[in-house]
């Protein structure tokens with residue numbers, strides 16, 4: 239289901255199109271993504287997905303919980319909060335956990351104010367089925383975002399893909415082991431959001447020696463297929479698979495882009511995007527309502543140079559045109575990492591008719607967070 243991005247109240251505004259190559263004419267810093275408790279939650283990734291009921295689900299990677307006194311409580315490898323398009327940089331871990339709220343600003347009831355004194359629970363819990371190296375030290379990171387596949391009066395359901403990595407005791411270095419897919423359930427009335435492992439047997443969809451489809455990003459196409467992008471191991475080139483939207487947990491129903499056609503042989507996979515670390519493909523009107531370029535891309539390359547990329551494509555498989563953006567990438571924290579990463583677009587919070595695009599990136603470091611900036615591109 240494609241949710242129409244934010245639109246102005248003035249329906250008479252003429253549709254514009256971003257010129258190519260793209261040029262940024264305005265940058266509006268929006269600071270950090272914030273939690274409704276006001277607590278200090280250093281975190282990274284910052285993937286957002288808008289559902290058909292209007293809820294926005296934010297997914298984060300390693301999240302460092304602190305209480306109201308700023309005491310460190312521990313780290314959670316994957317977390318989820320609930321937001322809305324009315325206040326794009328504010329979301330609520332409490333709402334995602336089903337804690338009652340006072341109003342749409344996600345203010346906690348007095349009886350539940352202790353929520354901010356607890357370590358956050360992961361959206362997707364432990365994974366006992368993995369028996370590879372360092373199986374007791376697992377990270378489940380949600381780089382894909384969420385694609386909705388069904389809705390009833392009570393719930394919205396969707397898919398999210400997780401990259402499973404392990405690490406040795408005392409080390410911060412991780413090794414990618416597998417890609418998993420989870421069934422996400424969002425309760426419309428409360429905002430409570432849960433994730434359950436999907437698939438057969440050991441729940442592993444793609445293994446360490448295979449392309450990691452779904453772990454880069456996912457998207458719903460016009461043809462009711464889920465398009466799952468992933469790195470073609472061991473490179474940073476990105477390949478593409480697709481599967482009927484309700485069958486994402488079934489490996490045997492995936493097809494793979496071989497450069498010319500769709501094949502059921504995963505070994506024939508060929509890249510559609512090259513040398514890219516993080517990013518998202520999305521349906522867009524940035525390039526004009528009648529443009530052949532119906533798909534956009536925003537992300538960062540794999541060179542570790544904190545450079546932002548904007549792309550446009552005529553189909554999910556491309557061909558793609560990519561351009562380096564003249565965008566100053568910065569960090570606000572004290573413990574700065576050598577580069578920023580996890581660059582993502584949030585078109586649901588953007589007025590594409592004016593050439594706007596909300597983007598975020600992660601700082602890294604033990605006190606790093608996710609920074610938001612509203613971009614306005616030159617249009618014609």
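In the working numbering, the protein residues as written are 239 to 618.
Think of the CB as a built atom: it goes at the ideal place given N, C-alpha and C, for glycine as much as any other residue.
One Cα belongs to residue 489, the other to residue 403, and the distance between them is close to 20 Å. The straight-line gap separating the alpha-carbon atoms of residue 338 and residue 363 is approximately 22 Å. In the three-state scheme derived from DSSP, where H, G and I count as helix and E and B as strand, residue 357 is classed as coil. In the DSSP secondary-structure assignment, residue 455 is bridged to 467. Rounded to the nearest whole angstrom, the CA to CA distance from residue 321 to residue 287 is 10 Å.
A direct Cα-to-Cα measurement between residue 451 and residue 493 gives close to 11 Å. Contact between the region 470-477 and the region 512-520 is present: three or more C-beta pairs spanning the two stretches fall below 8 Å. In the structure shown, the three-state DSSP call for residue 279 is coil. Distance from the Cα of residue 264 is smallest, within the candidate group 617, 391 and 613, for 613. Taking a 10 Å sphere around the C-beta of residue 307, we find fewer than 16 other C-beta atoms and assign the residue as exposed.
In this structure, residue 440 and residue 367 form a Cβ contact; the two beta carbons are roughly 4 Å apart against a cut-off of 8 Å. Using a 10 angstroms sphere on the CB of residue 570, the tally of other CB atoms stays under 16, which defines it as exposed. Rounded to whole angstroms, residue 617 and residue 533 show a C-alpha spacing of 17 Å. Looking at 269, 418 and 325, the one whose alpha-carbon comes closest to that of residue 438 is 418. Judged by DSSP secondary structure, residue 263 falls within the beta strand (DSSP E) whose first and last residues are 262-270. When rounded, the separation of the alpha-carbon atoms in residue 501 and residue 483 is 18 Å. Around the beta-carbon of residue 447, fewer than 16 other beta-carbon atoms lie within 10 Å, marking it exposed.
Bridge pairing for residue 420: 398 and 435 [DSSP]. For the options 523, 529, 545 and 518, the alpha carbon positioned closest to that of residue 535 is the one of 518.
Relative to residue 365, the option among 453, 467, 400 and 355 whose CA is nearest is 400. In this chain, the beta strand (DSSP E) harbouring residue 521 covers 514-521.
Contact fails between the region 409-416 and the region 276-284, because fewer than three Cβ pairs, one in each stretch, are under 8 Å apart. Contact annotation: residue 297 and residue 383 have beta-carbon atoms nearer than 9 Å. When the beta-carbon positions are compared, residue 394 and residue 423 come within less than 9 Å of each other. For residue 492, no beta strand (DSSP E) run applies, since DSSP gives it neither H nor E.
Residue nearest to residue 420 within the set 253, 453, 525 and 527 is 453 (criterion: CA-CA distance). As computed with DSSP, residue 561 is found in a beta bridge with 548.
Counting along the chain, residue 568 sits inside no alpha helix (DSSP H), nor does DSSP assign it H or E at all. For residue 258, the three-state secondary structure derived from DSSP is coil. Rounded to the nearest angstrom, the Cβ distance from residue 284 to residue 598 is 5 Å, consistent with a contact under 8 Å. In summary, residue 580 is buried, with 16 or more beta-carbon neighbours lying within 10 Å of its beta-carbon over all protein chains present. In its chain, beyond the 5 residues on either side, 463, 465 and 493 have a beta carbon closer than 6 Å to the beta carbon of residue 480. Per DSSP, the beta-bridge partners of residue 477 are 468. Put simply, of 262, 391 and 415 the residue whose alpha carbon is nearest the alpha carbon of residue 370 is 415.
Just measuring C-alpha positions, the residue of 468, 537, 558 and 428 sitting nearest residue 293 is 428.
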